[in-house]
Amino acid sequence: MVWERTDSAIQEMVDEAPKAKQYFSDAFDAYNRLWYHGGRYAVSEGKRETYSVEGDNAELRHYLARLARSSRCFSRCRFALECALRLFAYCFNSRQLYRQRYPAYPAHVMEFIPPVF
């Protein structure tokens, strides 16, 4: 996660990311000055390479109000954000597995929150 779009902050994010053969992004000019560890960087022309990422981002913003595009809802505490993302990933993945097993039965992500003791 990058809190500011400086060259050094973005380079650190790329260094920590899984290595890939290709990297795609929007046309932000700082991306042209980064080193991609042997991978090729390209500006995405259209949505072909980014639609699934944007879809995942939309799911997160839909289910987690703290990730909505309003500064009042955005979580300032990194630990709270990580906990919310982990809980969401667990519930979302559990629902996906349930849907594969029982496609005729509807299920909401909220139904897969584990009970707290």
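Numbering (this note's numbering), first residue to last: 1 to 117.
Even for Gly, the Cβ is constructed at its ideal location relative to N, Cα and C.
Residues bridged to residue i [DSSP beta-bridge criterion]
| i | result |
| --- | --- |
| tyrosine 102 | DSSP output for tyrosine 102 lists no bridge partner at all. |
Contact check, residue i vs residue j, beta carbons under 9 Å
| i | j | result |
| --- | --- | --- |
| arginine 66 | alanine 89 | no |
CA-to-CA distance, residue j to residue i, given in whole angstroms
| i | j | result |
| --- | --- | --- |
| valine 109 | cysteine 77 | 24 Å |
| proline 103 | leucine 64 | 25 Å |
| glutamine 144 | arginine 99 | Given a span of 1 to 117 for the chain in the structure shown, any question on residue 144 remains unanswerable. |
| lysine 21 | leucine 87 | 31 Å |
| tyrosine 36 | aspartate 15 | 8 Å |
| arginine 61 | phenylalanine 92 | 13 Å |
| tyrosine 23 | alanine 84 | 27 Å |
| glycine 38 | glutamate 82 | 30 Å |
| lysine 19 | leucine 34 | 14 Å |
| methionine 13 | leucine 97 | 31 Å |
| phenylalanine 28 | glutamate 59 | 24 Å |
| valine 53 | alanine 17 | 15 Å |
| alanine 107 | asparagine 32 | 43 Å |
Inter-residue CB distance, residue i and residue j (contact presumed, cutoff 8 Å)
| i | j | result |
| --- | --- | --- |
| arginine 101 | phenylalanine 112 | So it is not a contact: roughly 13 Å between Cβ atoms. |
| alanine 30 | aspartate 7 | 5 Å |
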